[in-house]
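Structure record follows, encoded as structure tokens.
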Amino acid sequence: QQQVKQSPQSLIVQKGGISIINCAYENTAFDYFPWYQQFPGKGPALLIAIRPDVSEKKEGRFTISFNKSAKQFSLHIMDSQPGDSATYFCAATDSGGSNYKLTFGKGTLLTVNP
Amino acid sequence: GAGVSQSPRYKVAKRGQDVALRCDPISGHVSLFWYQQALGQGPEFLTYFQNEAQLDKSGLPSDRFFAERPEGSVSTLKIQRTQQEDSAVYLCASSRQGYTQYFGPGTRLTVL
Chain A
1103 QQQVKQSPQS
1113 LIVQKGGISI
1123 INCAYENTAF
1133 DYFPWYQQFP
1143 GKGPALLIAI
1153 RPDVSEKKEG
1163 RFTISFNKSA
1173 KQFSLHIMDS
1183 QPGDSATYFC
1193 AATDSGGSNY
1203 KLTFGKGTLL
1213 TVNP
Chain B
27 GAGVSQSPRY
37 KVAKRGQDVA
47 LRCDPISGHV
57 SLFWYQQALG
67 QGPEFLTYFQ
77 NEAQLDKSGL
87 PSDRFFAERP
97 EGSVSTLKIQ
107 RTQQEDSAVY
117 LCASSRQGYT
127 QYFGPGTRLT
137 VL
């Protein structure tokens, strides 16, 4: 059972455009939702994260929108740049068990054309 | 400061060999996680340590997988009698305590 579903699998955007990646989750106990960016040959790096008590969080060109009732959250990358070309993963965790293990989506390969 | 380091970065093993993968977490980080990332997939949780205690090993795929963190710092993931399906990138992450996990570069294991 895939607990975090991510779409699209791949995305091509022109420089300056908006990239949008969507995730849906099933476990209502999840209470922390990070997005990770991964370049080839590197480990995932935390980009931005949100908790369900807010509907939106913005950091620079990156924004997370969160819809608790729909159990969905999305990443928006404004003014996309070629350097943003990477694989993006949404994730979720339930801190209730004091574990914080992350459940990841399958990833979105973003290509930003110059 | 230094991030999470992992060694070796690449490992090629013949089927049936034992391998040991090392993780050096960020100094002072209490929590340590191992994840397995298959090609084209997201990381999947393997096991979790808080200091030297292994509190969750629910993600280990079989009893051929074993992890330890004897002094609450460096951790080793050992895979016995490797199989082709074990080929993946093994990621280590550490956390001071709580949500934010910092990942290492991973060890790419190829089993022939």
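As they're listed, the protein sequences go chains A and B. At position 35 of the first sequence the residue is numbered 1137 (our numbering), and the sequence of numbers has no breaks. At position 92 of the second sequence the residue is numbered 118 (our numbering), and the sequence of numbers has no breaks. Ideal Cβ positions, reconstructed from N, Cα and C, are used throughout, including at glycine. Nothing here was measured: the structure is a model prediction, and the numbers come from that model.
- Task: Determine, using beta carbons only, whether A:A1147 comes closer than 8 Å to chain B.
- Result: yes
- Message: For B:N77 and A:Q1116, what's the separation of their Cα atoms in angstroms?
- Response: The alpha-carbon atoms of B:N77 and A:Q1116 are separated by roughly 46 Å.
- Contacting residues, own chain, Cβ-Cβ under 7 Å from A:A1188 (five flanking each side not counted): Q1139, Q1140, F1141, L1212
- Taking just the CA atoms, how far does B:V115 sit from A:G1145? 9 Å
- Query: At a Cβ threshold of 8 Å, is B:Q62 touching chain A?
  - Reply: Under the Cβ distance rule, B:Q62 does not count among the residues neighbouring chain A, no pair being separated by less than 8 Å.
- Query: Residue range of the beta strand (DSSP E) that A:H1178 falls in?
  - Reply: 1174-1179
- Assuming A:F1206 contacts A:V1106 under a Cβ cut-off of 8 Å, what Cβ separation, rounded to an integer in Å, is found between them? 6 Å
- Task: Indicate whether at least one CB of chain B lies closer than 8 Å to the CB of A:Y1190.
- Result: no
- Task: Check whether the Cβ of B:D50 lies closer than 8 Å to any Cβ atom in chain A.
- Result: Taking 8 Å as the threshold, the shortest C-beta distance from B:D50 to chain A does not fall below it.
- Query: Between A:G1118 and A:G1162, what straight-line distance do the alpha-carbon atoms span, to the nearest angstrom?
  - Reply: 14 Å
- Message: If you reduce the DSSP assignment to three classes, tell me which class B:D112 lands in.
- Response: helix
- Message: Please return the same chain residues whose Cβ sits closer than 8 Å to the Cβ of B:C93, not counting the five positions on each side in sequence.
- Response: The residue you asked about is not Cys; residue 93 of chain B is Ala in the sequence shown. Answer for B:A93: W60, L72, T73, F75, Q80, K83, L86, S101, T102, L103, K104, listed in chain order.
- Message: Counting only C-beta atoms, is B:T102 closer than 8 Å to chain A at any point?
- Response: no
- Item | Of the listed residues B:C118, B:L135, B:Y36, nearest to A:A1147 (C-alpha basis) | B:C118
- Item | Under 8 Å from the C-beta of A:L1212: neighbouring residues of chain B | Here the premise fails: no neighbours, minimum Cβ distance about 14 Å.
- Message: Can you give me the C-alpha to C-alpha distance between B:P131 and A:I1179, rounded to a whole angstrom?
- Response: Rounded to the nearest whole angstrom, the CA to CA distance from B:P131 to A:I1179 is 24 Å.
- Message: For A:P1136 and A:I1152, I'd like the C-alpha separation in whole angstroms.
- Response: 6 Å
- Task: Buried or exposed for A:A1172, please, with buried defined as at least 16 other CB atoms from any protein chain shown within 10 angstroms of its CB.
- Result: It is exposed - the Cβ of A:A1172 has fewer than 16 other Cβ atoms within 10 Å.
- Message: Could you tell me the alpha carbon to alpha carbon distance between A:D1155 and A:N1215, rounded to whole angstroms?
- Response: 35 Å
- Item | chain B contact for A:F1206 (CB, 8 Å cutoff) | It does; some Cβ of chain B falls within 8 Å.
- Message: Is B:D112 close to chain A? Criterion is C-beta to C-beta, closer than 8 Å.
- Response: For B:D112, no Cβ of chain A is located within less than 8 Å of the residue's own Cβ.
- Determine whether the Cβ of B:G98 lies closer than 8 Å to any Cβ atom of chain A. no
- What is the residue span of the beta strand (DSSP E) that B:S33 lies within? 31-33
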